[in-house]
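> The following block contains the structure, expressed as structure tokens.
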């Protein structure tokens, strides 16, 4: 059954990617979410989300669905998680740093999923206990344990109460890491750790339920996702500070540097 659902997920995310790339050439609208101009949604977030949700419901009507841009539907022990465009701000500006994320949880544990970068044509995927792949090839995180040799991504967050912490964190990272970067898609952040492209991500606030597929990819690859106390970070629909990394050594060094 899992292999059948995995194949379904891969075919569906590919189809959604083709649809998104086709539709983005037409006009699409942009709206502000929650009265915050830094938090936006496009008409294609809605359209692609509906496309994915409808296909899942047709194929697995007994399953629940969590779509970042729609109300949740309940079901049995299986829950699909969808982020139709992860990195909407980049997408709306024509910056090629966004992705589509589709994952499947069983009793709140990611069991399979995929993250597609439709511009680069890179498809990251996993099946719990079986492996992590990029376009069908096995991937693995970096083995780096030294912070001064590591590439770290810092995402400050959108709220004013995070800015002072983010500014201090940036200064510390610039002094102690090899490179400090930022990209548009949180799902791709985790996939980049899983594939060895970067060593860590520090997010001032991030929700993870909609990108559960990427969380599953990182976990299956052997990476670490912790809160600021170092505890394993649970899937959540609310934003919280996160430390994602290639291994426990980098995770501990990042938290020691930025939380003390």
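Residue numbers (this note's numbering): 178 to 437.
No residue lacks a Cβ here, since even glycine has one placed at the ideal position from N, Cα and C.
Which class does residue 402 belong to by DSSP, given the choice of helix, strand or coil?
Sequence index remark: in the chain shown, residue 402 carries index 225 (1-based). DSSP places residue 402 in strand when its eight states are reduced to three.
> With DSSP collapsed to three states, give me the class of residue 432.
The sequence position of residue 432 within the chain shown is 255, counting from 1. Residue 432: helix per DSSP, three-state reduction.
> Run through DSSP, which three-state label would residue 184 get?
Translated into the one-based positions of the chain shown, residue 184 becomes position 7. Correct three-state label for residue 184: helix.
> Under three-state DSSP, which class holds residue 389?
Position 212 of the chain shown holds residue 389. Residue state, collapsed to three classes: helix.
> Pull up the distance between the alpha-carbon of residue 410 and that of residue 204, whole angstroms please.
The residue labelled residue 410 in the question sits at position 233 within the chain shown. The residue labelled residue 204 in the question sits at position 27 within the chain shown. One Cα belongs to residue 410, the other to residue 204, and the distance between them is close to 39 Å.
> Quick check: the Cα distance between residue 427 and residue 227, rounded to an integer number of angstroms?
As a first step, residue 427 must be located in the chain shown, where it is residue number 250. As a first step, residue 227 must be located in the chain shown, where it is residue number 50. Rounded to the nearest angstrom, the two C-alpha atoms are 39 Å apart.
> Name, in chain order, the residues that DSSP records as bridge partners for residue 304.
For the purposes of this step, residue 304 is taken as the residue at position 127 of the chain shown. Its beta-bridge partners are 289, 308.
> Given 8 Å as the limit, is there contact between the segment 297-308 and the segment 405-424, that is, 3 or more CB pairs closer than that?
no
> Ordered along the chain, which non-local residues of its own chain (more than five positions away) have a Cβ less than 7 Å from that of residue 251?
The count along the chain shown starts at 1 and reaches residue 251 at position 74. For residue 251, where only same-chain residues beyond five positions count, the Cβ hits under 7 Å are 241.
> Go through its chain and collect everything with a Cβ distance to residue 193's Cβ below 8 Å, but skip five positions before and after it.
As a first step, residue 193 is located in the chain shown; it is residue number 16 there, counting from the start. Cβ neighbours of residue 193 within its own chain (closer than 8 Å, five residues either side excluded): 225, 228, 229, 261, 277, 279, 293.
> Taking 7 Å as the limit between beta carbons, can you name the residues of its chain near residue 368, skipping five residues before and five after?
Mapped onto the chain shown, residue 368 falls at position 191. Excluding residues up to 5 positions away in sequence, 292, 301, 391, 394 lie with their Cβ nearer than 7 Å to the Cβ of residue 368 in the same chain.
> Going by C-alpha distance, which of 312, 272, 373 is nearest residue 329?
Along the chain shown, one-based indexing puts residue 329 at 152. Residue 329 has its Cα closest to that of 373, out of 312, 272, 373.
> If I measure Cβ to Cβ from residue 285 and keep anything under 7 Å in the same chain, skipping five residues before and after, which residues do I get?
Residue mapping note: residue 285 aligns to position 108 of the chain shown, counting from 1. Contacts found: 412.
> Exposed or buried, which one is residue 195 when buried takes at least 16 other CB atoms within 10 Å?
Against the chain shown, residue 195 aligns to sequence position 18. Residue 195 comes out exposed.
> Give the straight-line distance between the Cα atoms of residue 296 and residue 238, rounded to the nearest whole angstrom.
Counted from its first residue, the chain shown places residue 296 at position 119. Counted from its first residue, the chain shown places residue 238 at position 61. Cα to Cα, the separation comes out at about 31 Å.
> Would you decide whether residue 184 is buried or exposed? Buried here means 16 or more other CB atoms lie within 10 Å of its CB.
Sequence index remark: in the chain shown, residue 184 carries index 7 (1-based). It is exposed - the Cβ of residue 184 has fewer than 16 other Cβ atoms within 10 Å.
> Within 10 Å of its beta-carbon, does residue 400 have 16 or more other beta-carbons around it, so buried, or fewer, so exposed?
In the chain shown, residue 400 corresponds to position 223, counting from 1. It counts as buried.
> State yes or no: is the C-beta of residue 263 within less than 8 Å of the C-beta of residue 364?
On the chain shown, position 86 is the one that residue 263 refers to. On the chain shown, position 187 is the one that residue 364 refers to. Yes, the Cβ-Cβ distance between residue 263 and residue 364 is below 8 Å.
> Can you find the residues in the same chain that come closer than 7 Å, C-beta to C-beta, to residue 206, ignoring five residues on each side of it along the sequence?
Here the question's residue 206 lines up with position 29 in the chain shown. If we look at residue 206 and ignore the five residues flanking it on each side, its Cβ neighbours are 219, 220.
> Tell me which residue opens and which closes the alpha helix (DSSP H) that residue 418 is part of.
The residue you call residue 418 lines up with position 241 of the chain shown. It is not in any alpha helix (DSSP H) - residue 418 instead sits in the beta strand (DSSP E) that spans 417-422.
> Where do the N-terminal and C-terminal ends of the alpha helix (DSSP H) with residue 236 fall, by residue?
Counting from 1 along the chain shown, the entry for residue 236 is found at position 59. Looking at the DSSP string, the run of the alpha helix (DSSP H) that includes residue 236 is 220-236.
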